[in-house]
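In this note's numbering, the protein residues as written are 8 to 691.
First up is the structure itself, then whatever we jot down about it.
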Amino acid sequence: MSEEHQANEDRGTGGLGSRSFLALLLTQGLGALNDNIFRWFCVLQGTKTSLGNTTLSLGLICFTLPYLLLASHAAFVGDRFSKRRTIVTCKFAEILVMAIAIGAMALGGVDETLGIALVFLAVFLMGSQSAMFGPAKLGAIPELVQPEKISAANGYMQMVTTAASALGMFVGFVLSAKADLSTSDPTLAALLWPAGVLITIAVLGTLASLFIEPLTPADPSRRVPNPLKETASNLSLLFRNRPLFRAALGESFFWFLASLATSAITLLGDQVLGLSQTNTGLLAIALVFGVGLGSVLAGLMSGDKVELGLVPFGSVVVVASALGIWTVTHDVDLADRAAAVWPAAIWLSVLGLGAGFFIVPLVAYIQDRSDRQTRGTIIAAANFVTFSMTIVSAILYYLMTDPAWLDWRAPTVFLAAGIGTIPILVYVVWLLPQATTRFGIWLLSHLVYRVRLHGRQNIPDQGGALIVANHVSYVDGFLLLTSSSRPIRFLAHTDHVTRFGLRGLSRAMGVIPIRATDGPRALLASLAEARQAVQDGELVCIFPEGQLTRDGQTGDFHRGMMKIVDGLDVPVVPVYLDELWGSIFSHERGKLLWKLPRKWPYPVSIHIGSAQPCPATVEEVREVVLALRPQAEESGILGAPDADTENEDETAAGPTENEIGETDSTSTPSSSPPEQDAPADSGE
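The following block contains the structure:
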């Protein structure tokens, strides 16, 4: 069995409404609800003791530390055993941990020091259960749902998690106000409330996990790890895969920021806005509501691909909202407290919205791009990085707010978080120039166009390929750029990638400049660069007509494109762009730009065909592209009439066969004069 076939078998087949995925969502939601009720209840009870607000940092450290200590074992369990079995076992363990926690609360009422120690021990045990549960939960998603649903599945998972976390925080605040265990003799009623809530939710979560379908172990032969050696090995595996490592760093920054923000909200409500514990819990819900909404929107906007372009967009929103929180709360006096509550809640929601845009693509990317055999290991290593940063966040929060150190108020903490996000934003834009640009184009194009994409799965997830498309309008390259989560390198006319100050951006995006007037040597060098890019596993796109169509028909393909793939074992992916003939960026009616669009938003269809291994001739490639036209007819969305594969009519101003034969290398998207080329040949 080939690796590709094995990979396809390992991928999930269910939809977002499948029983197993819904059961996983419910299991995760109830688990997150219980985690947050328990953690915040314990922390808030601790603030009533001599430790005061220090319990915020101590509680976070106790809950997070198991993610570091058990990282190797979580990876082992996630790969060695069925992820469904691991999930169910963890849920049964949750019931036991909750029972231990209630017992600790009862015994701790006799002595404050003993009570604090036992409760934080219970928080540590709950963190241990969550640490073992995490890799199995996340690793199960790509085994349950179809590959094109992974981003949306993560969006819903993040939404459920954040909604449950918000509700859990609020219930934790309410329970803490209702059940005071800080006295030397807590009543049975005071214990009954937290006991009933925590154990009931744990039982319901366990029952929900039983409805997840059986899953096969990823690596049944894996041996029990040596913790230190295994953790180092896991981190080494993650570090060697630089894209996944960078995604893990991004995920860790999200949780660093989330931990800082949720801790600061307690001070914001108490010190700045003068809110009760219950109302402070409502303020926290505003933040988590934003995260949930942003997560769902991120999943929907990603469509059937992983859209990393959302990450810099989310960073911008985080920076702006953190500064907004500081603006409306840093100078609030006693008389203005009530008026500042709603602006603070709105900005907290916007902060959460940006965080949701930031985190969902990163989590989806780690799941989608990691091999099934090592997915549990990769996720556990990513969790190690993430929760290392969470502990750093707890320590930093203590230093920021403790009177013996910086003694910052909550608004200053949010300001520092916003300013600290700016270098992250700059780094992400520098690291992902094409993803950033692609998302910007996606936003703009969806204001102007209604894009229907068919066959996106035909673009290879890995390895090199040459994408070949017909050329209808000036925006062809822009639209193709939005069709893939992988970077695409476009061959483009030199004049178009150097004008308007685009040289730096074109270089960052890997555009391959080419110009017929530069002579055969320069043309061959550009084609050689494209060939090398394909050999190196990159996606390269060419418009082999060499110019925009002047009559809506697909012209002849130039032979020079074959120099990119001749003798290489790389696929050619045909693309047919339909309905663009008639847009203001096409030459329909003999006009360019100077015409009104017939519809708004303007409908566009992109048909991506099956990859063709080693085509023999350029005519064969053209036939495959034109063969996609009947799909448009079947969809009832065909735009302009097109030439069939037997039609020898040339497009207006198209080069002749003799011209092609003279240079044998002018058959590129940029072989025509500059005024006939589209800026979109560059993809930008």
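Each residue gets a CB set at the ideal place from its N, CA and C atoms; glycine is no exception.
Given the structure is predicted, the values throughout are model-derived calculations rather than measurements.
If you measure between the beta carbons of residue i and residue j, is that distance less than 8 Å?
{"i": "I292", "j": "P418", "result": "no"}
{"i": "K90", "j": "T213", "result": "no"}
{"i": "V475", "j": "P578", "result": "no"}
{"i": "R459", "j": "Y609", "result": "no"}
{"i": "F320", "j": "F446", "result": "yes"}
{"i": "A618", "j": "V582", "result": "no"}
{"i": "F28", "j": "A160", "result": "yes"}
{"i": "V231", "j": "F394", "result": "no"}
{"i": "G361", "j": "V324", "result": "yes"}
{"i": "L244", "j": "A255", "result": "no"}
{"i": "T93", "j": "G85", "result": "yes"}
{"i": "E258", "j": "L369", "result": "yes"}
{"i": "T561", "j": "N477", "result": "yes"}
{"i": "F296", "j": "G359", "result": "yes"}
{"i": "T54", "j": "A184", "result": "no"}
{"i": "I549", "j": "L488", "result": "no"}
{"i": "A39", "j": "A215", "result": "no"}
{"i": "N241", "j": "A388", "result": "yes"}
{"i": "H614", "j": "H461", "result": "yes"}
{"i": "M164", "j": "Q35", "result": "yes"}
{"i": "S79", "j": "T336", "result": "no"}
Ordered along the chain, which non-local residues of its own chain (more than five positions away) have a Cβ less than 7 Å from that of residue i?
{"i": "P227", "result": "R87"}
{"i": "L413", "result": "L406 and M407"}
{"i": "A659", "result": "Reliability of the predicted coordinates at A659 is poor, the pLDDT of 30 falling under 50, and no value is obtained from them."}
{"i": "T20", "result": "Q153"}
{"i": "P250", "result": "R376"}
{"i": "V326", "result": "G425, T428, I429 and L432"}
{"i": "V50", "result": "T62, L63 and G66"}
{"i": "S137", "result": "D42"}
{"i": "V300", "result": "Val is not the amino acid found at residue 300; the sequence shown has Leu there. So the qualifying residues of the chain are L360 and G363."}
{"i": "P696", "result": "Past the boundaries of the shown model lies residue 696; the chain is included only from 8 to 691, so the question cannot be answered."}
{"i": "P73", "result": "F131, G134, S135 and A138"}
Quick one: what's got a C-beta closer than 8 Å to residue i's C-beta in the same chain, skipping five residues either side?
{"i": "L114", "result": "L121, G122 and L125"}
{"i": "V339", "result": "V279, L280 and A347"}
{"i": "S25", "result": "L151 and V152"}
{"i": "V611", "result": "Y456, R457, V458, R459, L486, L584, D585, E586, L587 and S590"}
{"i": "A529", "result": "I521 and R522"}
{"i": "G22", "result": "F28, V152, Q153 and K156"}
{"i": "E664", "result": "Note that E664 has pLDDT 31, beneath the 50 cutoff, so the model's placement of it is unreliable and the number below is only indicative. Around E664: D563."}
The alpha helix (DSSP H) that contains residue i, what's its start and end?
{"i": "Y456", "result": "From DSSP, Y456 is part of no alpha helix (DSSP H) but of the beta strand (DSSP E) over Y456 to H461."}
{"i": "I366", "result": "R344 to R376"}
{"i": "G292", "result": "Sequence check: residue 292 is Ile here, not Gly. Here the alpha helix (DSSP H) through I292 covers Q284 to S309."}
{"i": "A160", "result": "I157 to K185"}
{"i": "I44", "result": "R26 to T54"}
{"i": "G485", "result": "Here the sequence assigns Phe to residue 485, which means Gly is not the residue at that position. Its alpha helix (DSSP H) spans residues D483 to L488."}
{"i": "P622", "result": "P622 -> no alpha helix (DSSP H), and no H or E assigned at all."}
{"i": "F320", "result": "L317 to T336"}
{"i": "A634", "result": "Unbroken run through A634: none, as it is neither H nor E."}
Throw me the rounded Cβ distance for the residue i and residue j pair, which I believe falls under 8 Å.
{"i": "F70", "j": "V167", "result": "Incorrect: roughly 20 Å between the Cβ atoms, too far for contact."}
{"i": "A401", "j": "S64", "result": "4 Å"}
{"i": "M139", "j": "F45", "result": "Actually they do not touch by this definition, with Cβ atoms about 16 Å apart."}
{"i": "L355", "j": "L289", "result": "With a Cβ gap of about 11 Å, L355 and L289 do not count as contacting."}
{"i": "M516", "j": "T624", "result": "The Cβ separation is near 31 Å, so there is no contact."}
{"i": "L546", "j": "K570", "result": "L546 to K570, Cβ: 18 Å. No contact."}
{"i": "A108", "j": "L205", "result": "7 Å"}
{"i": "V518", "j": "G471", "result": "Not really, about 17 Å apart at Cβ, beyond 8 Å."}
{"i": "T287", "j": "F180", "result": "6 Å"}
{"i": "S302", "j": "V367", "result": "5 Å"}
{"i": "A209", "j": "I102", "result": "4 Å"}
{"i": "L307", "j": "G162", "result": "7 Å"}
Which residues in the same chain as residue i place their Cβ atom closer than 6 Å to its Cβ, once the five residues preceding and following it in sequence are excluded?
{"i": "Q380", "result": "A225 and D226"}
{"i": "R382", "result": "G146"}
{"i": "A30", "result": "A215, F218 and I219"}
Where do the N-terminal and C-terminal ends of the beta strand (DSSP E) with residue i fall, by residue?
{"i": "V611", "result": "Y609 to I615"}
{"i": "R496", "result": "I495 to H500"}
{"i": "P520", "result": "I519 to I521"}
{"i": "V152", "result": "It is not in any beta strand (DSSP E) - V152 carries neither H nor E in the DSSP assignment."}
{"i": "A472", "result": "A472 to A476"}
> What are the complete beta strand (DSSP E) segments, minimum 3 residues, inside the segment 529-579?
Replying inline: 546-549
> Along the chain, which unbroken stretches of the alpha helix (DSSP H) at least 4 residues long are found entirely within the segment 257-281?
Replying inline: none
> For the segment 78-120, which segments carrying the alpha helix (DSSP H) assignment without a break, of at least 4 residues, lie completely within its bounds, in sequence order?
Replying inline: 78-87 and 90-115
>> Report the start-end ranges of each alpha helix (DSSP H) in the segment 388-440 that is 4 residues or longer and not cut off at the edges.
In response: 417-438
>> Threshold first: 4 residues or longer. Then list the alpha helix (DSSP H) segments lying entirely within the segment 202-255, N to C.
In response: 234-247
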